[in-house]
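Visitor: Structure in structure tokens, see below.
Numbering (the working numbering), first residue to last: 120 to 417.
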């Protein structure tokens, strides 16, 4: 159950962060003259009356020291004054990124249950860091807060069914291509191998592998929900698929060169056009890889 909850959190994390950051921006003072801890506590009071699922609210100074006991409806959560939290991810990430952040799930020191912490830096009118406002909420409660509505849930199940159907159909295509390729290969006399037929078999098996990779990616990402927020996952899938297609086209071009060179030299220009097309695909793929790396480096 814990693993399933963590997986669900990874799927709705961006929605949860956006919602809590909206609450921060609407209720807490920031980049205003005379920012003080009392005004931050007043903002916390507004949030607490709006959302009762949050466990505790507390304020850190610029060095990560908790200024007062946490604000909470639960008496046992009203602790922590003077604690040094500058080694916590929700503190140094908020300071470093200068924006609202949402931590990964971690065991709560009070309940030992998994919880997350949302934090945001608060600056004065001179853009100097004054406080870090933090909200603790259990993993179960944050999942309930951002749980999809009934219509959205039904539509999500419908989309999963559609993707599953397409994945099954494409898998059948890949299976037929694989069986056809193996039949071609095993039905030949190894003492009298036809190079052209071997090339054709290789092309069929390569296409089967490319389609199978695509099926695997569709099923894992859209049906099982694995790695939907992993940018590299989609890139790797596309690269493997396009790479397999390029290999198949390159083999086809090589086969046509041999065939036309022997039987129809006048048509060898068609093979050259195909080779040029493969080269353009490789150049386009290289440009795409460079742009992805540059984007990741920023």
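Beta carbons: idealized from backbone N, C-alpha and C, even for Gly. Here the structure is a predicted model, which means the values were calculated and not measured.
For residue 260, tell me which candidate among 139, 405 and 408 has the shortest Cα-Cα distance.
Guide: For this step, residue 260 is matched to residue 141 along the chain shown. Measuring from the Cα of residue 260, the nearest candidate turns out to be 139.
Visitor: To the nearest angstrom, how far is the alpha carbon of residue 305 from that of residue 316?
Guide: For the purposes of this step, residue 305 is taken as residue 186 along the chain shown, with counting starting at 1. For the purposes of this step, residue 316 is taken as residue 197 along the chain shown, with counting starting at 1. Cα to Cα, residue 305 sits roughly 12 angstroms from residue 316.
Visitor: What are the start and end residues of each continuous alpha helix (DSSP H) run of 4 or more residues lying completely inside the stretch 275–339, in chain order?
Guide: Counting only runs of 4 or more, we get 314–337.
Visitor: Taking buried to mean at least 16 other C-beta atoms within 10 Å of its own C-beta, is residue 333 buried or exposed?
Guide: Sequence index remark: in the chain shown, residue 333 carries index 214 (1-based). It counts as buried.
Visitor: My understanding is that residue 203 touches residue 190, with C-beta atoms under 8 angstroms, so please give their C-beta distance in whole angstroms.
Guide: Taking the first residue of the chain shown as 1, we reach residue 203 at position 84. Taking the first residue of the chain shown as 1, we reach residue 190 at position 71. With 8 angstroms as the limit, residue 203 and residue 190 do not qualify as a contact, their Cβ atoms being about 19 angstroms apart.
Visitor: Please report the residue range of the alpha helix (DSSP H) in which residue 264 lies.
Guide: For the purposes of this step, residue 264 is taken as residue 145 along the chain shown, with counting starting at 1. Where residue 264 is concerned, the enclosing alpha helix (DSSP H) stretches over 258–264.
Visitor: In whole angstroms, what is the alpha-carbon distance linking residue 247 and residue 137?
Guide: For the purposes of this step, residue 247 is taken as residue 128 along the chain shown, with counting starting at 1. For the purposes of this step, residue 137 is taken as residue 18 along the chain shown, with counting starting at 1. Their backbone Cα atoms lie some 24 angstroms apart in a straight line.
Visitor: Quick check: the Cα distance between residue 257 and residue 232, rounded to an integer number of angstroms?
Guide: The sequence position of residue 257 within the chain shown is 138, counting from 1. The sequence position of residue 232 within the chain shown is 113, counting from 1. Between residue 257 and residue 232, the C-alpha separation is close to 7 angstroms.
Visitor: Check whether the Cβ atoms of residue 172 and residue 264 lie closer than 7 angstroms to each other.
Guide: Translated into positions along the chain shown, residue 172 becomes position 53. Translated into positions along the chain shown, residue 264 becomes position 145. Cβ atoms of residue 172 and residue 264: closer than 7 angstroms.
Visitor: Decide if residue 302 is buried, meaning its Cβ has at least 16 other Cβ atoms within 10 Å, or exposed.
Guide: Here residue 302 refers to the residue found at position 183 when the chain shown is read from its first residue. Exposed.
Visitor: Tell me whether residue 141 is buried or exposed, calling it buried when 16 or more other Cβ atoms sit within 10 Å of its Cβ.
Guide: In the chain shown, residue 141 corresponds to position 22, counting from 1. With fewer than 16 other Cβ atoms within 10 Å, it is exposed.
Visitor: For residue 230, which three-state DSSP category applies?
Guide: Along the chain shown, one-based indexing puts residue 230 at 111. Coil.
Visitor: I'd like to check one pair, residue 251 with residue 289: are the Cβ atoms closer than 7 angstroms?
Guide: Here residue 289 refers to the residue found at position 170 of the chain shown. Here residue 251 refers to the residue found at position 132 of the chain shown. Cβ distance not < 7 angstroms, so residue 289 and residue 251 don't count as in contact.
Visitor: Under 7 angstroms between the Cβ atoms of residue 237 and residue 262?
Guide: Start at 1 with the first residue of the chain shown, and residue 237 comes out as number 118. Start at 1 with the first residue of the chain shown, and residue 262 comes out as number 143. Result no, Cβ atoms of residue 237 and residue 262 do not sit closer than 7 angstroms.
Visitor: Going by C-alpha to C-alpha distance, which of 253, 244 and 198 sits closest to residue 229?
Guide: Indexing the chain shown from 1 puts residue 229 at position 110. Residue 229 has its Cα closest to that of 198, out of 253, 244 and 198.
Visitor: Taking 8 angstroms as the cut-off, does the stretch 292–300 touch the stretch 155–173 (at least 3 CB pairs, one atom from each stretch)?
Guide: Flag = no, the stretch 155–173 and the stretch 292–300 do not touch.
Visitor: Is DSSP giving residue 405 helix, strand or coil here?
Guide: By one-based count along the chain shown, residue 405 stands at place 286. Three-state DSSP puts residue 405 in a helix.
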